[in-house]
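Enquirer: Reading the sequence shown from the start, the letters are residues 60 to 326 in my numbering.
C-beta: ideal position from N, C-alpha, C; glycine also.
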Amino acid sequence: MEHNIIYRKIYTITRMFKGEIKIDKELLLQIVKKYSYYPLLRTIYKIKGNRDGVKVIEEEWDYLIVLDACRYDYFEKVNRIDGKLEKRISLGSNTPEWLKKNFDGYYDDVVYISANPHISNYEVRGFRGTDHFWKVENLWYYDWDNVLESVHPRRVTKKALRTIRKYYGKRFIIHYLQPHQPYILSPKVTHSLVRIGKISIEELRKAYMENLILVHNEVEKLVNVLEGKIVITADHGQLLGEKFEIGHPLGVYFKELVEVPWLVVEK
Numbered sequence: 060m061e062h063n064i065i066y067r068k069i070y071t072i073t074r075m076f077k078g079e080i081k082i083d084k085e086l087l088l089q090i091v092k093k094y095s096y097y098p099l100l101r102t103i104y105k106i107k108g109n110r111d112g113v114k115v116i117e118e119e120w121d122y123l124i125v126l127d128a129c130r131y132d133y134f135e136k137v138n139r140i141d142g143k144l145e146k147r148i149s150l151g152s153n154t155p156e157w158l159k160k161n162f163d164g165y166y167d168d169v170v171y172i173s174a175n176p177h178i179s180n181y182e183v184r185g186f187r188g189t190d191h192f193w194k195v196e197n198l199w200y201y202d203w204d205n206v207l208e209s210v211h212p213r214r215v216t217k218k219a220l221r222t223i224r225k226y227y228g229k230r231f232i233i234h235y236l237q238p239h240q241p242y243i244l245s246p247k248v249t250h251s252l253v254r255i256g257k258i259s260i261e262e263l264r265k266a267y268m269e270n271l272i273l274v275h276n277e278v279e280k281l282v283n284v285l286e287g288k289i290v291i292t293a294d295h296g297q298l299l300g301e302k303f304e305i306g307h308p309l310g311v312y313f314k315e316l317v318e319v320p321w322l323v324v325e326k
């Protein structure tokens, strides 16, 4: 009975979002707040699961390049790398969920090069990288830029090339932090300022696109010198004003959060 009530609430509010039920936007926002929309969604998705997601460790690749919080629709617009581009569904809507659902074993043939602090020698939100991968390179620890409050993608490319030469014969996951915020070329654009109306959604989307182009340029340089089967993908997507939200809440599988690129390059 409780599940039926949850389903009805989710169904009705989702139809409002899609425009199938006409309603004033301000009133819809009040309804979302009243019924705790995201907790309801997490409950329903916990029941149904995210069954269509791809488990990346089970796919065939020599190099898996991960762009953090990269949406498929934005990637498709900027991509210049030759290869077969598909839309895939991520198993998670944020990084910790993606890690836990994709890497549940120990992979003695994989080196993980990461600018994201969630992949670490230490346990972070229930996941310790060294429990799952032969080697973890913590770029976020050694190459963190305190001014940018991030790791510049150029540093990831350089470290990846050095590490690949060092551990010949392994498979490699290279995890860039962009297009995830902070927005390197538009540092004044922050999510907190967007939420209080100081920065527009249009400015946010422009900054996100700039971050994506920045990291794409670095990925292109990396791909040009690699040989083997390369896959470029993302851990999850990003809400950029859709559904009255920005960011990537846990356990909510809107298309903006789980539709990710899957670009295969074979050289």
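Who are Asp204's beta bridge partners in DSSP?
Expert: DSSP, once it has assigned bridges, lists Ser209 as partnering Asp204.
Enquirer: Got a sec? Which residues, its chain only, sit under 8 angstroms from Tyr133 by beta carbon, not counting five neighbours each side?
Expert: So the qualifying residues of the chain are Pro238, Tyr267, Met268 and Leu271.
Enquirer: Between the C-alpha atoms of Leu316 and Leu298, what's the straight-line distance to the nearest angstrom?
Expert: Their Cα atoms are separated by approximately 6 angstroms.
Enquirer: Report yes if the C-beta distance between Pro241 and Glu208 is below 9 angstroms; otherwise report no.
Expert: In this structure, Glu208 lies closer than 9 angstroms to Pro241 by Cβ.
Enquirer: So, with DSSP's three-state summary, where would you put Asp190?
Expert: DSSP places Asp190 in helix when its eight states are reduced to three.
Enquirer: Looking only at C-alpha atoms, which of Leu273, Ile233, Ile243 and Phe186 sits nearest to Ala293?
Expert: Of the candidates Leu273, Ile233, Ile243 and Phe186, the one whose C-alpha sits nearest the C-alpha of Ala293 is Ile233.
Enquirer: Enumerate in chain order the residues of its own chain whose CB-to-CB distance from Pro212 is below 7 angstroms, with the five nearest sequence positions on each side excluded.
Expert: These residues qualify, in order along the chain: Tyr235, Gln237, Leu273, Val274 and Glu277.
Enquirer: Between the C-alpha atoms of His295 and Trp157, what's the straight-line distance to the nearest angstrom?
Expert: Roughly 7 angstroms between the two C-alpha positions.
Enquirer: Have a look at the DSSP bridge pairing and note the partners of Arg147.
Expert: Paired residue(s): Val319.
Enquirer: For the beta strand (DSSP E) containing Ser173, name the first residue and the last one.
Expert: Counting along the chain, the beta strand (DSSP E) containing Ser173 begins and ends at Tyr166 to Ser173.
Enquirer: With DSSP run on the structure shown, which of helix, strand or coil describes Lys288?
Expert: Reduced to three states, the DSSP call for Lys288 is strand.
Enquirer: Using the rule of at least 16 other Cβ atoms within 10 Å of the residue's Cβ for burial, across every protein chain shown, is Gly185 buried or exposed?
Expert: Gly185 is exposed by the Cβ-count criterion.
Enquirer: Does the distance from the CB of Asn175 to the CB of Thr189 come in under 9 angstroms?
Expert: Going by C-beta atoms, Asn175 is not nearer than 9 angstroms to Thr189.
Enquirer: Arg214 to Arg221, Cα distance in whole Å?
Expert: Their Cα atoms are separated by approximately 11 angstroms.
Enquirer: Indicate the three-state DSSP secondary structure (helix, strand or coil) for Asn138 in the structure shown.
Expert: Coil.
Enquirer: For Ser152, is the classification buried or exposed, using 16 other Cβ atoms within 10 angstroms of its Cβ as the cut-off for buried?
Expert: Answer is buried; the Cβ neighbour count reaches 16.
Enquirer: In chain order, what residues of the same chain lie with their CB nearer than 6 angstroms to the CB of Ile148, ignoring the 5 residues before and after it?
Expert: If we look at Ile148 and ignore the five residues flanking it on each side, its Cβ neighbours are Asp111, Gly112 and Val317.
Enquirer: Check for me: the alpha helix (DSSP H) holding Pro155 runs from which residue to which?
Expert: Segment Thr154 to Asn161, the alpha helix (DSSP H) holding Pro155.
Enquirer: Can you grab the Cα-Cα spacing for the pair Ile116 / Tyr166, in whole Å?
Expert: In a straight line, the C-alpha of Ile116 is about 9 angstroms away from that of Tyr166.
Enquirer: Return the first residue and the last residue of the beta strand (DSSP E) that Val248 is part of.
Expert: Val248 -> no beta strand (DSSP E), and no H or E assigned at all.
Enquirer: Along the chain, where does the beta strand (DSSP E) that runs through Leu123 open and close?
Expert: Counting along the chain, the beta strand (DSSP E) containing Leu123 begins and ends at Tyr122 to Asp127.
Enquirer: What are the residues that DSSP puts in a beta bridge with Gly112?
Expert: For Gly112, which the question treats as bridged, DSSP gives no partner whatsoever.
Enquirer: Whole angstroms are fine: how far does the CA of Phe313 sit from the CA of Glu182?
Expert: Looking at the two C-alpha atoms, the distance is approximately 28 angstroms.
Enquirer: What residue range does the beta strand (DSSP E) around Pro238 cover?
Expert: Element bounds for Pro238: Arg230 to Pro238.
Enquirer: Using only alpha-carbon positions, find the residue among Glu286, Ile305 and Ile223 that is nearest to Val253.
Expert: Here the closest residue by C-alpha is Ile305.
Enquirer: Relative to the alpha-carbon of Tyr200, which residue among Phe192, Lys194 and Val210 has its alpha-carbon at the smallest distance?
Expert: Nearest of Phe192, Lys194 and Val210 to Tyr200, Cα basis: Val210.
Enquirer: Within the same chain, show all residues whose beta-carbon is closer than 6 angstroms to that of Lys326, passing over the 5 residues directly before and after it, in chain order.
Expert: Once the five neighbours on either side are set aside, the close Cβ partners of Lys326 are Glu286.
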